[in-house]
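Q:
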Amino acid sequence: MAAATRGRRHWGSLLGLLGLVSAAVAAAPWDMTSLRCNFGAFCECDFRPDLQGLECDLAQHLAGQHLARALVVKALKAFVKDPTPSKPLVLSLHGGKGTGKSYLSSLLAHYLFRGGLHSPHVHHFSPGIHFSHPNQMECYKKDLKNWVQGNLTACGRSLFLFDEMDELAPGLMEVLRPFLGSSWVVYGTNYRKAIFIFISNTGSEQINQVAVEAWRSRREREEILPQQLEPLIFQAVLDNPHHGFWNSGIMEEHLLDALVPFLPLQRHHVRHCVFNELAQLGLEPRDEVVQAVLDSTTFFPEEEQLFSSNGCKMVASRIAFYL
Ligand SMILES: *[C@@H]1O[C@H](CO)[C@@H](O)[C@H](O)[C@H]1NC(C)=O
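FYI, in mature numbering (1 follows the signal peptide of the UniProt record, and there is no 0) the residues of the sequence shown are -27 to -1, 1 to 296.
See below:
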């Protein structure tokens, strides 16, 4: 994943420095971090939030998503600042393909955990990989519950990332419901410091419709408000029997802290993605590559040709092709 590569490079320069620091700490007879980590509830593990870094990176690299950026940063700030949160942070990301949902999630992991997506406290679940046989649902339920509980007992500051929620066989998410509220306390360990992120395309049609209408009525994209989209996404999830939350009670009990919309991307956003990608490869911006990528992108609606049908999803592979 492109974001992971860049993240690693980004951390690379810091790692040397951290290595020195941690070597010094390890040499001390009292290692405060591991001491505290023996008491599950106080354990911060490798949770090292750098929200300023996150904000900065999002502003520079997440193309065209003013709403997602603001919502996520605001929710994280409040959550991280609170030493005893009243419930875990639960975010649900919604939008079309290639609009930046996975990208934002990977940046989040990088700026919250020392190991980023490779941290032992970041858990990534994908239906095609982890839950691919619908007839084994009962086993998956048991596994998932044990994993979440086991990992949260080891470290309250864990991140659970669920991809492609609209391909998840129904029933599985029921087991998560108790973890997402405020009452789940086991063996004196509270699980309220965990972060859950759910990703899906559900609601993208509604979001896209609002974006198209805004354009047609000559309103700026930045004038679209979260309050405008939230009820639409909420209803779309409730109405979608293929979404993992179907009949799980999670929507009905309002366990989500934010429904985060990702808007469809315009031509200039795709151009932004091409520049990002070229910069990551250490290359100068090249107009003919930008043009070639744009020419091979399809746009909607049919008439106005405003928004990329695949967002920036194909940018990396197309660049590889045109270089
Ligand atoms: C933590 O979650 C992973 C899946 O990401 C699982 O393989 C592992 O067994 C879990 N650990 C515990 C202690 O339950």
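Quick reminder that beta carbons are idealized off the backbone N, C-alpha and C, glycines included.
Tell me residue 231's beta-bridge partners as DSSP assigns them.
A: According to DSSP, which records beta bridges pairwise, residue 231 is partnered with 64.
Q: So does the segment 248 to 259 actually touch the segment 182 to 201, counting three or more Cβ pairs closer than 8 Å?
A: Contact between the segment 248 to 259 and the segment 182 to 201 is absent, because fewer than three Cβ pairs lie under 8 Å.
Q: Buried or exposed for residue 208, please, with buried defined as at least 16 other CB atoms from any protein chain shown within 10 angstroms of its CB.
A: Classification of residue 208: exposed, given that the 10 Å Cβ count is below 16.
Q: What three-state label does DSSP hand residue 272 in the structure shown?
A: In this structure, residue 272 counts as strand in the three-state DSSP scheme.
Q: At a threshold of 7 Å, does residue 127 count as lining ligand 1 (C-beta to nearest heavy atom)?
A: Within the cutoff, so yes.
Q: Run the CB neighbour count on residue 286, radius 10 Å, all protein chains shown included, and call it buried at 16 or more, exposed below.
A: By the neighbour-count rule (16 or more Cβ atoms within 10 Å), residue 286 is buried.
Q: Does residue 59 come out as helix, strand or coil in the three-state DSSP assignment?
A: Residue state, collapsed to three classes: coil.
Q: I need the DSSP call for residue 144, collapsed to helix, strand or coil.
A: Of the three classes helix, strand and coil, the one that applies to residue 144 here is coil, per DSSP.
Q: Sorted by chain position, which residues of the same chain lie with C-beta nearer than 6 Å to residue 283's C-beta, five sequence neighbours on each side aside?
A: 70 and 71, listed in sequence order.
Q: Classify residue 130 as buried or exposed, calling it buried when 16 or more other Cβ atoms lie within 10 Å of its own Cβ.
A: With 16 or more Cβ atoms within 10 Å of its Cβ, residue 130 is classed as buried.
Q: Using the three-state DSSP reduction, which class does residue 104 fall into: helix, strand or coil?
A: Looking at residue 104 - three-state DSSP - the assignment turns out to be coil, as it is neither helix nor strand.
Q: Determine the extent of the alpha helix (DSSP H) in which residue 206 is found, giving its start and end residues.
A: Counting along the chain, the alpha helix (DSSP H) containing residue 206 begins and ends at 199 to 211.
Q: Relative to the alpha-carbon of residue 274, which residue among 240, 109 and 23 has its alpha-carbon at the smallest distance?
A: Out of 240, 109 and 23, 240 has the C-alpha closest to the C-alpha of residue 274.
Q: What is the C-beta distance between residue 169 and residue 63, in whole angstroms, given that I count them as a contact (C-beta under 8 Å)?
A: The pair is a contact, with the Cβ atoms about 5 Å apart (cut-off 8 Å).
Q: What does a CB cutoff of less than 8 Å around residue 155 pick up in its chain, not counting 5 residues either side in sequence?
A: Cβ within range, chain order: 59, 60 and 165.
Q: Please state whether the Cβ-Cβ distance between residue 172 and residue 50 is less than 8 Å.
A: No. Outside cutoff.
Q: Kindly examine ligand 1 and report whether one of its heavy atoms sits closer than 7 Å to the Cβ of residue 91.
A: Not so, every heavy atom of ligand 1 lies at least 7 Å from the Cβ.
Q: Measuring CB to CB, does residue 65 end up less than 8 Å from residue 202?
A: Their beta carbons are not under 8 Å apart, which means residue 65 does not touch residue 202 by this criterion.
Q: Taking just the CA atoms, how far does residue 87 sit from residue 214?
A: Answer to the nearest angstrom: the Cα atoms are 37 Å apart.
Q: Using 7 Å as the cut-off, classify the Cβ of residue 96 as near or not near the heavy atoms of ligand 1, replying yes or no.
A: At least one heavy atom of ligand 1 is nearer than 7 Å to the Cβ of residue 96, so yes.
Q: For the segment 254 to 264 against the segment 90 to 98, are there 3 or more C-beta pairs whose distance is under 8 Å?
A: No, the segment 254 to 264 is not in contact with the segment 90 to 98.
Q: Quick one: is residue 104 buried, meaning 16 or more other Cβ sit within 10 Å of its Cβ, or exposed?
A: With 16 or more other Cβ atoms within 10 Å, it is buried.
Q: With H, G and I counted as helix, E and B as strand and the rest as coil, what does DSSP make of residue -11?
A: Note that residue -11 scores a pLDDT of 38, beneath 50, so its modelled location is shaky; the value from the coordinates is reported in the next line. Looking at residue -11 - three-state DSSP - the assignment turns out to be helix.
Q: Report buried or exposed for residue 38, applying the criterion of at least 16 other Cβ atoms within 10 angstroms of its Cβ.
A: Classification of residue 38: buried, given that the 10 Å Cβ count is 16 or more.
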